[in-house]
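In this note's numbering, the protein residues as written are 1 to 83.
C-beta atoms are modelled at their ideal positions from N, C-alpha and C, and glycine is treated no differently.
Notes to accompany the following structure.
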Amino acid sequence: DEGAGGWAMDGDLDLPDMPALPPAGGGSFFAAPQPRPSPFERWATESPLAADHVAAGSFDTAFALLQRQLGLINLAPLKPHAL
């Protein structure tokens with residue numbers, strides 16, 4: 001075919017037969033690894049310090065820690081410094 005740019009478009013491919021797949025439960029099983037939390041997520045969940053949570057970017061948990069540990073009620077003045 002002239003307009004195919006060198007590719008034959010006759011649809012006749014000589015492909016080898018594909019091997020049969022083993023039956024399910026055949027003994028060799030591959031389980032994909034589970035996604036792990038990022039270091040920042042682990043850092044924020046393992047630390048009891050609000051400063052660590054802010055450094056990890058977890059502002060909501062940092063403010064919750066400040067409220068629980070220090071009894072802060074109005075956190076609005078701290079928000080511009082955290083963001």
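Beta-carbon gap between residue i and residue j smaller than 7 Å
| i | j | result |
| --- | --- | --- |
| residue 44 | residue 59 | no |
| residue 76 | residue 65 | no |
| residue 56 | residue 30 | no |
Of the residues the options, the one placed nearest residue i, counting alpha carbons only
| i | options | result |
| --- | --- | --- |
| residue 67 | 48, 16, 18 | 48 |
| residue 79 | 20, 70, 62, 71 | 62 |
Range of the contiguous alpha helix (DSSP H) that encloses residue i
| i | result |
| --- | --- |
| residue 51 | 50-55 |
| residue 44 | 39-46 |
| residue 67 | 59-70 |
| residue 80 | 79-82 |
For residue j and residue i, the rounded distance between their alpha carbons
| i | j | result |
| --- | --- | --- |
| residue 13 | residue 32 | 34 Å |
| residue 74 | residue 46 | 25 Å |
| residue 21 | residue 35 | 28 Å |
| residue 1 | residue 19 | Note that residue 1 has pLDDT 48, beneath the 50 cutoff, so the model's placement of it is unreliable and no number is given. |
| residue 72 | residue 52 | 18 Å |
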